[in-house]
Structure formats: structure tokens, C-alpha cells
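Below: one structure, written as C-alpha cells.
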Amino acid sequence: MLFGASALGLALTGGAFAKETKPPPKPQNVLSPDAALKRLMEGNARYVDGVSRRHDFKHEREALAGGQNPFAAVLSCADSRIAPEYAFDAGRGDLFVCRVAGNFAGTETIASMEYAVAVLGAPLILVLGHDSCGAVDATLKAIKDDKPPPGHIPSLVDAIAPAARAAMQQGGDVLNKAIRQNVIDNIAKLKSAAPILNAAVEQGNLKVVGGIYRLTTGTVELIAQG
Ligand SMILES: [Zn+2]
């Protein structure tokens with residue numbers, strides 16, 4: 003599918019876009035934002051309980067060759083322990099996943115989410131932080147030491163710094179507070195991203211929520227809804 007202005011324009015008019023295209027390859031993925039969140043959390047419960055479904059990739063491959071209609075988009079950390087498709091017991095074509103260390107929404111990620119929402123029709127974005135996030139920890143250290151980390155890592159630190167600073171001012175369990183605040187900040191950033199995501203939220207076609215992945219149990223705890 004072309005990612006052009008016309009496709010976006012059609013997508014923004016809501017139902018008109020769907021009528022212009024062929025039937026979605028996964029009709030079961032056409033969900034309201036609330037139903038999408040429910041399905042995501044039911045998948046996480048199966049994963050936590052060790053009863054994940056068998057995913058028949060061979061059977062799905064042909065249907066998905068001609069298109070995609072994921073029921074949720076996820077912005078997660080690049081941390082190798084997170085793996086959103088596993089954590090939500092999802093198949094191919096179900097989740098549109100953007101991953102970057104520190105799960106923050108930079109320009110390319112916002113653009114990717116705009117594509118997921120406006121062109122692919124995803125009704126939900128989940129910002130997923132996690133316990134013991136190295137990117138958030140590195141940001142806290144860089145601020146404390148007043149010394150930028152090596153290489154290109156300062157670009158991560160700059161993005162996470164507002165949440166890290168807010169947590170440092172509060173004191174207590176600063177790492178966990180910064181991880182949580184970073185999710186909250188990026189929910190706000192995605193919800194207000196003009197002109198596409200903010201309009202989708204206002205029209206009720208999109209919800210942006212956040213969660214924390216608990217490393218020991220695999221549980222995703224939702225921390226904000228709206
Ligand atoms: Zn992380």
C-alpha cells in the first residue's frame with residue numbers, strides 16, 4: 003500500500019478509507035480501542051500463565067501477503083527480554099511494533115505510529131516500559147555524573163532526561179519512577195502529535211495507553227488509560 007497523502011487523507015475520514023480497500027486480511031483484528039486493549043491483556047494473561055497459543059504461521063502467510071491490519075501498535079524498549087509478540091501471545095499481522103532503547107517516541111516513531119493508525123487502522127497504541135530499563139538507568143547516571151555517555155547514546159539520554167529529572171526531584175525509587183514517568187510522557191507525546199494521532203484520539207478511533215512489563219512474572223501492568 004502506498005503511504006501517500008491521499009491514503010492518509012482517506013484514512014482520516016474514517017470509514018471511507020475502509021470502503022476503498024479490499025477486505026482486511028484479519029477480520030478478527032477490526033476492533034474498537036477498548037476491545038483491542040482487552041484482547042492485548044488476554045494475550046498477556048495466557049503468556050504469563052504459560053498457555054500461549056500455537057501460532058500457525060504457515061496458514062497465515064498467504065492471507066497476510068496482500069496486506070495487514072494489526073489490532074494494536076506497541077512502542078517498546080529494544081531490550082531483548084521484552085518481545086511484544088510473545089508478551090501478548092500475538093501472531094503475525096497482529097501487532098505493529100516500534101522498538102527503541104528507552105521506548106520513547108522520536109520523530110521516526112511518531113511517523114511510524116501515524117502509518118499504523120491512519121493507513122493500517124490500528125485502534126490502540128500501547129507504550130510499554132519495563133523493569134530495570136538500561137536506557138533509563140543510563141540517563142539517570144548521565145544526569146547525576148553530569149557527563150554524557152559515549153557514542154550516539156546521548157540521543158537516547160536527551161529523550162529520556164525529562165522523565166529522569168522529574169523522578170530525581172521526587173526521590174525514593176528513582177529508577178522505577180523514571181521508567182513510569184517516561185511511559186506517561188510518551189503517551190502524552192503520542193496523543194498530542196498533530197495532525198494525525200491527536201485527531202484520531204479526538205474522533206474516538208484511537209486510544210493511547212501505557213504499561214510496565216514486569217521482568218520476573220511477564221505481567222504487563224497498565225499504568226494509564228485514556
Ligand atoms: Zn529498556
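For the sequence shown, the numbering used here gives the first residue as 3, with consecutive numbering after it. C-beta: ideal position from N, C-alpha, C; glycine also. This one's a predicted model, so the numbers in the text were calculated from it and none came from an experiment.
Beta bridge counterpart(s) of Y215 as assigned by DSSP: The partner list for Y215 (beta bridge, DSSP) reads H132 and V222.
How many Å lie between R41 and F90 at the Cα? A direct Cα-Cα distance of roughly 9 Å separates R41 from F90.
Helix, strand or coil: which one does DSSP assign to I181? Looking at I181 - three-state DSSP - the assignment turns out to be helix.
Can you tell me which of the three DSSP states V210 falls into? Three-state DSSP puts V210 in a strand.
Exposed or buried, what is D81 when buried is set at 16 or more other beta-carbons lying within 10 Å of its beta-carbon? Around the beta-carbon of D81, 16 or more other beta-carbon atoms lie within 10 Å, marking it buried.
Any non-hydrogen atom of ligand 1 closer than 7 Å to A103 Cβ: Yes, since a heavy atom of ligand 1 falls inside the 7 Å radius drawn around the Cβ of A103.
Report the CB separation of A144 from V159 in whole angstroms; it is logged as a contact under 8 Å. Yes, they are in contact, since the Cβ atoms of A144 and V159 sit about 5 Å apart, within 8 Å.
Span of the alpha helix (DSSP H) holding A80? Run containing A80: none; DSSP gives neither H nor E here.
Around the Cβ of G2, are there at least 16 other Cβ atoms within 10 angstroms (buried) or fewer (exposed)? Here the chain comprises residues numbered 3 to 228, so residue 2 is not present and cannot be evaluated.
Once the 5 residues before and after S8 are set aside, which same chain residues still bring their CB inside 6 Å of it? Confidence at S8 is low in this model, with a pLDDT of 45, below 50, so its placement is unreliable and the value that follows should be read with caution. The answer is none, since no qualifying residue turns up.
Quick check on this structure: which residue in A38, L66, N31 and V32 has the alpha carbon closest to the alpha carbon of K209? With distances taken between Cα atoms, K209 lies closest to A38.
G52 and C79: beta carbons closer than 8 Å? Result no, Cβ atoms of G52 and C79 do not sit closer than 8 Å.
Can you say whether Q171 is buried or exposed, counting buried as having 16 or more other CB atoms within 10 angstroms of its CB? Within 10 angstroms of the beta-carbon of Q171 lie fewer than 16 other beta-carbons, which makes it exposed.
What would DSSP say about K21, mapped onto helix, strand or coil? In this predicted model, K21 has a pLDDT of only 42, less than 50, meaning its place in the structure is not dependable; the value taken from the coordinates is given anyway. Residue state, collapsed to three classes: helix.
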